[in-house]
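Colleague: I have a structure I would like to understand better, so I am pasting it below and will then ask my questions one at a time.
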Amino acid sequence: MRIGIIGATGLVGRTTLKILEERGFPASELILFASQRSAGEKIPFKGSQVEVMPISDNWDLLADIFFCSVADDVAQELLKDYKGEAWIIDKSKVFRLDPKVPLVVPEVNWDAVERLDSKIVANPNCTTIPFVMAMAAIRKTARPERTVVTSLQSASGAGKAALEELRLQREYVTAGEKMPEDAREVFGPTLAANLIPQIGSFDKAGEASEERKLRDESRKILGDETLSIHATCVRVPVEVGHSLSVTCVFQEEVGLKAIKKSIESFPGIKMMEGDELITPLDVAGKDEVFCARLRHDPMDKKVIHLWLVTDNLRKGAALNAVQIAESLI
Ligand SMILES: NC(=O)c1ccc[n+]([C@@H]2O[C@H](COP(=O)([O-])OP(=O)(O)OC[C@H]3O[C@@H](n4cnc5c(N)ncnc54)[C@H](OP(=O)(O)O)[C@@H]3O)[C@@H](O)[C@H]2O)c1
3 MRIGIIGATG
13 LVGRTTLKIL
23 EERGFPASEL
33 ILFASQRSAG
43 EKIPFKGSQV
53 EVMPISDNWD
63 LLADIFFCSV
73 ADDVAQELLK
83 DYKGEAWIID
93 KSKVFRLDPK
103 VPLVVPEVNW
113 DAVERLDSKI
123 VANPNCTTIP
133 FVMAMAAIRK
143 TARPERTVVT
153 SLQSASGAGK
163 AALEELRLQR
173 EYVTAGEKMP
183 EDAREVFGPT
193 LAANLIPQIG
203 SFDKAGEASE
213 ERKLRDESRK
223 ILGDETLSIH
233 ATCVRVPVEV
243 GHSLSVTCVF
253 QEEVGLKAIK
263 KSIESFPGIK
273 MMEGDELITP
283 LDVAGKDEVF
293 CARLRHDPMD
303 KKVIHLWLVT
313 DNLRKGAALN
323 AVQIAESLI
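By my numbering, the letter at position 306 of the sequence shown is numbered 308, and the numbering carries on one by one without gaps.
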């Protein structure tokens, strides 16, 4: 199986390579694409050094499956008229809500790939993936009437320039020096020793694009257009690992044991026992979506609260895409 990675030098591209190697993915050939800036760079894979190339004409003939992990505008330009035979697993937002393109978390809706005749398969947003897995598990017991989510999203969720900026900002904060303008290019406000209650652009109603993505993508994946989700997405000064504080409101009282059992038995989710905590630092480099602090609301047995944490670069992006590829072959 010939494998191509578009955006091989980025955080998600490099994590994809690592996961392909770890899982012994049957890659007979590997093609690595990035921008002109990285042309000639060598990246190790299974003991050899593979050279990075700029994207050429007829690029799509060079592999059977491509993992595309470039920014939205680059993916849009590259794939807008795609008619090739190779599978494209795309991490950008460009095709996620296209009704002709499956948007897939294999543990939740693999059947979408079988229903839709598309060579492009879209990978959901890094916050949607853990959220939708927990929702799919909970809905096996009862469907929440309404769900309120606050996401605490790491800097790496915004790519390598964002992660580098957080590291640079930390140096200024530690030194007690004023933050220069050129250390605030990605996030706008300072992220180090701070947090930013905005991810993406606001619409007229004040909702941020990341919050809209969480609702719209979850509705598509769960096949439930009336799913009621109210989100606030916050950027936090964590390097890797997205956390979500989730509150589900049900029509009737729900049994916590039944909900816990549904979550525990759901593939890819690890339920923490008792009061055991789980933090972004604990999950960096791990594959599961971790769930902790499952509890009834002390004032209302129709309400439950829980805490989710995932490595956004792995299950939130690269691992989910590799699992899609494994299911395709
Ligand atoms: N980070 C996450 O947690 C996460 C999670 C889910 C989805 N995603 C999505 O995945 C995609 C990649 O994210 P990332 O975090 O890996 O970003 P990143 O670290 O900024 O990497 C971007 C990659 O795109 C390449 N690139 C830029 N312009 C290009 C061009 N004109 N032609 C070919 N390659 C080009 C870059 O190459 P150079 O090194 O040469 O610049 C780099 O390899 C984005 O759409 C993002 O929204 C990210």
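For every residue, glycine included, the Cβ atom is placed at its ideal position computed from N, Cα and C. Remember, predicted model here, so these are calculated numbers, not experimental data.
For a test of the three-state rule: what should DSSP assign to Arg172, helix, strand or coil?
Modeller: The answer is helix: DSSP assigns Arg172 an H, G or I state.
Colleague: Determine which residues share a DSSP beta bridge with Thr228 and list them.
Modeller: In the DSSP output, where bridge partners are listed per residue, Thr228 has none listed.
Colleague: Could you check whether the Cβ of Arg39 sits closer than 7 Å to any heavy atom belonging to ligand 1?
Modeller: Yes - ligand 1 has a heavy atom lying nearer than 7 Å to the Cβ of Arg39.
Colleague: Taking 7 Å as the cut-off, is the C-beta of Thr312 nearer than that to any heavy atom in ligand 1?
Modeller: No, since every heavy atom of ligand 1 falls outside the 7 Å radius drawn around the Cβ of Thr312.
Colleague: How do the segment 227–237 and the segment 102–120 stand: do at least 3 beta-carbon pairs fall below 8 Å, yes or no?
Modeller: Judged by Cβ distances under 8 Å, the segment 227–237 makes no contact with the segment 102–120, as fewer than three pairs qualify.
Colleague: Taking contact to mean at least 3 C-beta pairs separated by less than 8 Å, is the segment 251–267 in contact with the segment 165–185?
Modeller: With the cut-off at 8 Å, the segment 251–267 and the segment 165–185 do not touch.
Colleague: Using only alpha-carbon positions, find the residue among Gln78, Ser120 and Arg98 that is nearest to Glu87.
Modeller: Of the listed residues, the one whose Cα sits closest to Glu87 is Ser120.
Colleague: Would you mind stating whether Val151 and Leu246 have Cβ atoms separated by less than 8 Å?
Modeller: Taking 8 Å as the Cβ cut-off, Val151 and Leu246 qualify as a contacting pair.
Colleague: Considering only the beta carbon of each residue, do Glu147 and Ser230 sit closer than 8 Å?
Modeller: Yes, they are a contact pair.
Colleague: Kindly indicate which residue of Ile45, His298, Ile271 and Thr249 has the alpha-carbon position closest to the one of Val285.
Modeller: When only C-alpha atoms are compared, the closest one is Ile271.
Colleague: For Thr228, count neighbouring C-beta atoms within 10 Å of its own C-beta (all shown protein chains included) and say buried if the count is 16 or more, exposed if not.
Modeller: Its Cβ having fewer than 16 others within 10 Å, Thr228 is exposed.
Colleague: What's the gap between the Cα of Thr249 and the Cα of Trp61?
Modeller: Each residue's alpha carbon lies about 45 Å from the other.
Colleague: State the DSSP-derived secondary structure class of Leu296, mapped to helix, strand or coil.
Modeller: Reduced to three states, the DSSP call for Leu296 is strand.
Colleague: I think Arg98 touches Ala77, with their Cβ atoms under 8 Å apart; what is that distance to the nearest whole Å?
Modeller: Wrong, their Cβ atoms sit about 11 Å apart, outside the cutoff.
Colleague: Which whole-angstrom value describes the C-beta separation of Phe35 and Val324, a residue pair presumed to lie in contact below a C-beta threshold of 8 Å?
Modeller: Incorrect: roughly 17 Å between the Cβ atoms, too far for contact.
Colleague: Determine the DSSP secondary structure at Ile33, reduced to helix, strand or coil.
Modeller: Ile33 falls in the strand class under three-state DSSP.
Colleague: Nearest-angstrom Cα distance between His298 and Lys262?
Modeller: Distance between the alpha carbons of His298 and Lys262: 11 Å.
Colleague: Would you list the residues sitting across from Trp309 in a DSSP beta bridge?
Modeller: For Trp309, which the question treats as bridged, DSSP gives the partners Ser247 and Ala294.
Colleague: For a quick check, are the C-beta atoms of Leu19 and Ile57 less than 8 Å apart?
Modeller: Not a contact, by the Cβ cut-off of 8 Å.
Colleague: With a threshold of 7 Å (Cβ to nearest heavy atom), would Ala36 be considered close to ligand 1?
Modeller: Indeed, a heavy atom of ligand 1 lies less than 7 Å from the Cβ.
Colleague: Take every Cβ of the segment 215–222, pair it with every Cβ of the segment 288–295, and state whether three or more of those distances are shorter than 8 Å.
Modeller: Short answer: they don't touch.
Colleague: Using only CA atoms, which one of Glu179, Glu166 and Pro126 lies nearest to Arg221?
Modeller: Checked all of Glu179, Glu166 and Pro126; the closest Cα to Arg221 is Pro126.
Colleague: Between Trp61 and ligand 2, is the CB less than 7 Å from at least one heavy atom?
Modeller: Here the bound small molecules are ligand 1; ligand 2 is not part of this structure.
Colleague: For Ala210, which residues does DSSP report across the bridge?
Modeller: Note: Ala210 sits in a beta bridge opposite Phe204.
Colleague: Return the residue from the list Glu24, Gly159, Ile8 and Gly208 that minimises the CA-CA distance to Asp66.
Modeller: Of Glu24, Gly159, Ile8 and Gly208, the residue nearest in Cα terms is Ile8.
Colleague: Examine ligand 1 and report whether any of its heavy atoms sits within less than 7 Å of the Cβ of Ile90.
Modeller: It does not: the Cβ of Ile90 is nowhere closer than 7 Å to a heavy atom of ligand 1.
Colleague: What's the call for Ala260, buried or exposed, on a 16-neighbour Cβ count within 10 Å?
Modeller: The residue is exposed, with fewer than 16 neighbouring Cβ atoms inside 10 Å.
Colleague: Between Thr130 and ligand 1, is there a pair consisting of the residue's CB and a ligand heavy atom that are separated by less than 7 Å?
Modeller: Thr130: no, Cβ never under 7 Å from ligand 1.
Colleague: My output table needs one value for Ala144: the three-state DSSP class, helix, strand or coil.
Modeller: If DSSP states are grouped into helix, strand and coil, Ala144 belongs with coil.
Colleague: Is any non-hydrogen atom of ligand 1 found closer than 7 Å to the C-beta of Ser71, if you look at the structure I gave you?
Modeller: Yes - ligand 1 has a heavy atom lying nearer than 7 Å to the Cβ of Ser71.
Colleague: Using a Cβ-Cβ cutoff of less than 6 Å, which residues in the same chain neighbour Pro132 once the five nearest sequence positions on both sides are dropped?
Modeller: Result list for Pro132: Val291, Leu310 and Thr312, in chain order.
Colleague: Nearest-angstrom Cα distance between Asn314 and Val96?
Modeller: Whole-angstrom Cα-Cα distance: 19 Å.
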